[in-house]
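All remarks here apply to the structure that follows.
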Amino acid sequence: MSLAQVLFYIMSFISLASALFVASTKNLVRSIFMFFITLFALAGLYVLALADFVAITQIVIYVGGILVLILFAFMLSGKETLNAITQQRKAFISLRKIPAILLAALFLIVLVNMIFKVDANNLAWIRRSIEARNDITPSSAMTENIGVSLMTNYLLPFEAISILLMIALVGAAHLSRKGARP
Amino acid sequence: MKDFLNAIDTLTIHFTLAAVLMPLLAFIINISFPTKWNKVSGWVSTIAILTSAVLSAFVFAKVWNSHEVHQSQLWFTIGDTKVQAGILLNNLSVLMLLLVNLIALPVHIYSTAYMKDDESYNRYFAYLSFFCFSMLALVVADNLVLFYIFWELVGFSSYLLIGFWYKRHKAIVANKKAFIMNRIGDMGLLIAIIILFAQYHTFDIAQLFADKGLIFQSIIKNGVWTAPSAHLPAIWQYLACGGIFLGVAAKSAQFPLHTWLPDAMEGPTSISALIHAATMVAAGVFLLGRVYPMFNDAELTILAVIGCFTAFMAATIALTQNDLKRILAYSTISQLGFMIMAMGIGAYASSLFHLVTHAFFKCLLFLVAGIVIHQMAHIRDDNGLDIDPQNIQNMGGLRKKLPFTFAAALVGALALAALPLTSGFLSKDGILVQAFAWTENRNVVLRLVPIFAVLTSWLTVFYIARVIVKVFFGELRVAQLSPGLKIDVSDGGLLYKVPLFLLAACCFFPLFSLNPFSYDASWVYKGFPGISDDTGFAIVLPGVINIGGLLIIYFSYAIYTGKRANPFPQQGALFNLACNEWYFDDIYNKIIVKPLVILSRATFWFDRRVIDGFVSVLARAGIALSKLSSWFDRHIIDGFLNLLVAIVRGIGNFARRFQGGKVQYYLFSMLVVILILFILKTLV
Amino acid sequence: MISLTDFLVVSAVLFCIGLYMVVSKHNAIQILIGIELMLNAAILNLVAFGKYDLFNNAGQMFALFAIVLAAATTAVALAIILNVYRQYKTIDPGKVDQLKD
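Protein chains in written order, with the numbering used here: chain A, 37 to 218; chain B, 10 to 693; chain C, 7 to 107.
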C-alpha cells in the first residue's frame, strides 16, 4: 500500500465522517464548521486525484466564499432560528427521518451496485487514454494547461460562466436588499 | 191593480226580511264590540228588536186575515229537485212574528236592568239577539230545510243561554241535558222531513200543507200511502208523524222529553221568561200548526192523550215544588200540554190562541219571579245569609215591599188561573169546552181527557195561588227565622216597571176580544179555522170551572196564610211522586243514562285496550322495524358509503400531500420515482 | 495507484449523505449544505474522471465551472433564504407552503 493510498483513505474517512456529522448534528453552528472540514478533506482528495488547481480553487471559493456566505446567512436569519434549532428533539433517529434515511440508503446501494457493475477502471476510453499516454501523471504541469484551455477551448463557457456569476451576484445583492421593494 | 198588489207584497216581504235580520245585525255588532263598551250592547239589541217589532206590526197589519204572501227564490238544486228558499207569510206566521217581537221587546228592556251587573253583559245580549233572529227566521221560513236549520239554531241559542253562567256546574249539566233532549227531537224532525221529501219531492211548506196541498191530496188506503206522484207503505206516514211528534215533544217539553225544561231554569231568569216560557217552547206548537194537515184522526187522538197527560203530570209536580222558577217551569210544561191537547182534539184555533195568551202571562210571571229572586238575593247578600233565593219557603209578605211587582204577579196569576176578564180565561176555557165537545161519540177512556183537563185547570189555580200567597202574603219567613235583618228591597226602576206594565196590560181581555166571556169572539180565534161548537158546554162549563177556581183560591189562601190547618199530607206515596217529579229523571237515569254510560265505558275500555292496544302493538312493531332498518341503514348502507368516502378521502389526502407546497416532499417523491426506475431497470 | 472505483464510491457516499440532508432537514441552511455536499460529490467525480484526459482537460475545467456555479447558486440561495425569513419569520421549507402574502 503506497502512501498515496493511505492518504486517500484517511482523507476519504475524514470527509465522509465529517459529512455524516454535518448531516446528523442538531447544532447548526457545529454543522457549518464541520462542513468546513469536509470541504478541506475534499480538497485533499482533489489533490490525490491530481487536480491541484481545482483543490486550490475549492479552498479559495468554497471555504473562503461560500462558507462565509452561509455563516452570514445563518447570522442574519436571527436568533429565533437558533433557538428553534437548539430546541429540536434529541433522538438520533426520529421516526420522521426514517423515509429519508431509507431513501438515501437505497440510493447508495443502487449507486454502489452500478459503480461495481460498470467497473470504471476497465472502461474502454480509459484504457485507450492510458495507452495513448493521455492520463495525468503527478509530474504534469496542470495549471499551465488549464490556463491555456480556458483561453482557447473553453473560452465560451468561461465567458458565459463569468457573466452568469455577475448576474447571480447582482441578483443576490438585489434580492437581499432591505425594504423598498416594488 | 195586480201589479200594485204585487208591489205591496214585495214590500211586505222586504219588511219581514228586515225584521228578521235586525237582531242578526245586533248580534254581529255585539260580538264585534270590545268588552269594555259593554253597556252599549243592551241598547243595540233593544233598538234592533224595537225596529223589528215595528216592522212586524206593519207586516201583521198587511197580512192578517188578508191573503197569504209567499215569495221565494232558487236556493240550490239536487238532481232534478230545485229547492226554493223564501218567506211564507200567513196568519200563523205573522201572528208568531208579532208575538215573538212583542214578548222579546219587554224582555230586552227588562234585561238591560236585570243583567247590568253581569260581567258578560254584551255576550248575553249577543246571544239574546241571536236567539231572536233564529226564532223570527223560524216562523217565516217557507221551506222544511230552512225551517230545520233555524229550528236547530233556536235550540243552539237556547243551549248557549241555559249555560250562560258557564262557571256553574249545574248550568253546564242543565244545558247538556237540554241539548241532548232536543237532539232526540231534532232527529225525529229530520227523519220526518226526509220521509216527506221522499214522498212528495219537495220541501216547500206552502205546497205541502196548504189547503188542497199535496198532503191533502194523499190518502192512506190498504196499508199504502198514496201521494199524487208517488206511494210508500203506510208505515212511513206513521214514522213521519212520530218524528214530528218527537220534535214537538222535545222543543215544547212534552212527555216523555219534558225533563230538560225545569233544569233549563239555570239560565238567567229573563231568558227563562223569553225562551223557556213564551217563545222557543212554543215553537213545537207552532210546528204542529204548520204541519197540522198531516195528522189523521188516530194520531191526533194520541196527541191529545199525551198532551193531557203532560198537563196533568206537570201540574201535580208544580204543586209540591219549592223552587219558584221550577214551579213556573212545570206550569209552562202543563200549559204547553194544554196546547198540544187542544191540537189533538182539533181545537186548532184555541190552541194557538192559548199559545199567544200564555206567552204574555207566563213571561210576566217569570219577570216577576226574576225581580223577587233578585230582591231575595239582595237580602241574602246584605245579611250574609245562607239561603236559596229561589226557595218560596223563605219568602212571604213581599206584597208590602214590592207593591208594583205584586200587582203584576197578581195579574199574571189570575190569567194563568183563567179567571174571567183575563186573556187566560178566553183561551183556556175555549180548549176545555172544545175538549168536552170532542168526547161526544167517543169511548169511555177518551172521555177521561176533558175531565183530567178540568182537574188540571183546578190544580193550576191551586199551585199558582200557593205561589202568590207564599211569596207575597203573610210575613217574610227569613225575617221570622232570624230577626233583625236589614231589609232594603224595592220594585226597581222604570226599566223593570215598563216591561211588567206592558205585559200585564196584555193579560186582559180587551186586547183579544171585546166580549170578555166568549172565546170565539176573539180575533185570534177567528183568524184560524176552528170547530164550531153548538153544544151547551160553552155556557155551563166556564161557570162551573171558575166557581171551583175561586173556591180553591180562597182555600189555598187560607191554608198558606195559616188561617187553616193544611189538610194535605206532606208525605206519602202521592206526595213523594209529585215532589220527585214523578221520578222521571231517576227512571231516565236508570234506564237510559246508566246503560249508556256503562256501554260507553265498555266501548271506551274496548277502544283503549283492544283497538289502541292493537294500534300500539302495530306501532311498536313499526318502531322495532324502523330501528332495525335504521341500524341497517346506519351500519350497512352508511357504512358502505362511509367506506367509499374514507377511500376517496384517503386518496385525496394522499394526493394532496404531493401538492402541499412542501418542497422537500416534492423532491422526496421525485427521488423515490427515480429510485424505483433505477431498481426496475437494474432488475428487469 | 488509487483506483477510480474508490473515488466513485466515496463520491456516491457523499452524494447520498447530501441527499439525506436535502430531504430530511428542516432548515434551509442545512439543506443548502446538503446541496453543496452533492455538488462536491459531483465535482469529485469530474476530477476523478478528468485524470484520464490530459489534453482536453475537460474534467478539471468543468469542475472549476461547477465550483463557480456553486458559488453563484449559494449567493442567490442565501439571498432567497433571507427574503423568505423576512417574509415568513422561518426558514423551514416545510412551513413555507403558502402562495399568498
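Note that CB positions come from ideal geometry on N, CA and C, so glycine has one too.
Below 8 Å on the Cβ atoms is my contact criterion, and I expect residue i with residue j to pass it. Report the Cβ-Cβ distance as a whole number of Å.
i: LEU345 of chain B; j: SER261 of chain B; result: 5 Å
i: LEU101 of chain B; j: GLY298 of chain B; result: 5 Å
i: VAL487 of chain B; j: ASN403 of chain B; result: 5 Å
i: VAL463 of chain B; j: LEU441 of chain B; result: 6 Å
Any idea which residues DSSP pairs residue i with across the strands?
i: VAL92 of chain B; result: B:PHE85
i: ASP332 of chain B; result: B:ASN400
i: PHE517 of chain B; result: B:THR431
i: ALA150 of chain B; result: B:ILE96
i: VAL78 of chain B; result: B:LEU98
i: ASP213 of chain B; result: B:ASN152
Going along chain C, which residues have a C-beta under 8 Å from residue i?
i: LEU676 of chain B; result: VAL28 and VAL29
i: GLY1 of chain B; result: Residue coverage of chain B in this structure runs from 10 to 693, which leaves residue 1 of chain B outside it and unanswerable.
Does the distance between the C-beta of residue i and the nearest non-hydrogen atom of the ligand ZN fall short of 7 Å?
i: ILE171 of chain B; result: No copy of the ligand ZN appears in this structure; indeed no ligand is present at all.
Go to residue i, then tell me how far its beta strand (DSSP E) extends in each direction, as first and last residue.
i: PRO174 of chain A; result: Run containing PRO174 of chain A: none; DSSP gives neither H nor E here.
i: LEU241 of chain B; result: 240 to 242
i: VAL233 of chain B; result: 233 to 235
i: LYS230 of chain B; result: 228 to 230
Grab the span of the alpha helix (DSSP H) containing residue i for me, first residue to last.
i: LYS185 of chain B; result: 178 to 209
i: GLN36 of chain C; result: 34 to 56
i: ILE354 of chain B; result: Segment: none, ILE354 of chain B is in no alpha helix (DSSP H) and carries neither H nor E.
i: ILE284 of chain B; result: Counting along the chain, ILE284 of chain B falls outside any alpha helix (DSSP H), and DSSP gives it neither H nor E.
i: ALA91 of chain A; result: 88 to 93
i: PRO135 of chain A; result: 134 to 154
i: ALA77 of chain C; result: 64 to 94
i: ILE191 of chain A; result: Checking the sequence, you will find Leu at residue 191 of chain A rather than Ile. Element bounds for LEU191 of chain A: 191 to 211.
i: TYR175 of chain B; result: Segment: none, TYR175 of chain B is in no alpha helix (DSSP H) and carries neither H nor E.
i: MET70 of chain A; result: 64 to 84
i: PHE304 of chain B; result: Where PHE304 of chain B is concerned, there is no enclosing alpha helix (DSSP H), given that its DSSP letter is neither H nor E.
i: ASP272 of chain B; result: 269 to 272
i: LYS535 of chain B; result: 532 to 535
i: GLU14 of chain A; result: Because chain A spans 37 through 218 in this model, residue 14 of chain A falls outside it and cannot be assessed.
i: ARG629 of chain B; result: 621 to 641
i: GLY421 of chain B; result: 412 to 425
i: THR11 of chain C; result: 10 to 30
Measuring alpha carbon to alpha carbon, tell me which residue in the options is nearest residue i.
i: ILE249 of chain A; options: C:GLY56, C:PHE68, C:LEU70 and C:THR96; result: As shown, chain A starts at 37 and ends at 218. That puts residue 249 of chain A outside it, with no answer to give.
i: MET47 of chain A; options: A:THR93, A:LEU39 and A:GLY80; result: A:GLY80
i: THR341 of chain B; options: B:LEU270, B:ALA313 and B:VAL381; result: B:LEU270
i: VAL553 of chain B; options: B:LEU650, B:LEU455 and B:ALA427; result: B:ALA427
i: ARG105 of chain A; options: C:ASP12, C:LEU88 and C:LEU70; result: It is Leu, not Arg, that sits at residue 105 of chain A in the sequence shown. Cα-wise, what sits closest to LEU105 of chain A is C:LEU88.
i: CYS516 of chain B; options: B:HIS363, B:ALA66, B:ASP213 and B:VAL49; result: B:HIS363
i: SER138 of chain B; options: B:THR55, B:ALA324 and B:ILE556; result: B:THR55
i: ALA147 of chain B; options: B:GLN330, B:ILE214 and B:GLY88; result: Checking the sequence shown, residue 147 of chain B turns out to be Leu, not Ala. Of the candidates B:GLN330, B:ILE214 and B:GLY88, the one whose C-alpha sits nearest the C-alpha of LEU147 of chain B is B:ILE214.
i: GLY65 of chain C; options: A:VAL99, A:ILE68, A:VAL90 and A:ILE95; result: A:VAL90
i: PRO115 of chain B; options: B:THR329, B:LEU511 and B:HIS644; result: B:LEU511
i: LEU394 of chain B; options: B:PHE649, B:LEU560, B:MET348 and B:ILE496; result: B:ILE496
i: ALA239 of chain B; options: B:HIS178, B:GLN226, B:TRP174 and B:LEU680; result: B:GLN226
i: TYR82 of chain A; options: C:ASP12, C:VAL29, C:VAL82 and C:LEU25; result: C:ASP12
i: GLY24 of chain C; options: A:SER60, A:ALA85 and A:ILE50; result: A:SER60
Chain C partners of residue i, CB-CB under 9 Å?
i: GLY101 of chain A; result: ALA77, THR80 and ALA81
i: LEU201 of chain A; result: VAL74, LEU75, ALA77, ALA78 and ALA81
i: PHE72 of chain A; result: Within 9 Å Cβ-Cβ: nothing; PHE72 of chain A doesn't reach chain C, min ~10 Å.
Mind pulling the chain A residues with CB within less than 7 Å of residue i?
i: MET44 of chain C; result: Simply none; closest approach about 11 Å.
i: PHE687 of chain B; result: VAL146
i: GLY56 of chain C; result: ALA87
Which chain A residues are close to residue i, counting only those with a beta carbon under 8 Å from its beta carbon?
i: VAL694 of chain B; result: Not covered by the structure: residue 694 of chain B. The range shown for chain B is 10 to 693.
i: ILE86 of chain C; result: LEU211
For a contact defined as C-beta to C-beta under 9 Å, what are the partners of residue i on chain A?
i: ASP684 of chain B; result: Just to set this straight, residue 684 of chain B is Leu in the shown sequence, not Asp. Neighbours of LEU684 of chain B on chain A, chain order: LEU139, LEU142, PHE143 and VAL146.
i: ILE41 of chain C; result: Result: empty, since nearest Cβ-Cβ is about 11 Å, beyond 9 Å.
Against residue i, what residues of chain B qualify as contacts under a CB-to-CB distance less than 8 Å, listed in chain order?
i: PRO174 of chain A; result: By Cβ distance, chain B contributes nothing, its closest Cβ being about 36 Å from PRO174 of chain A, past 8 Å.
i: PRO135 of chain A; result: PHE677
i: ASN149 of chain A; result: THR691
What does residue i reach in chain B if we use C-beta pairs closer than 7 Å?
i: GLY100 of chain C; result: LYS671 and GLN673
i: ASN181 of chain A; result: Within 7 Å Cβ-Cβ: nothing; ASN181 of chain A doesn't reach chain B, min ~36 Å.
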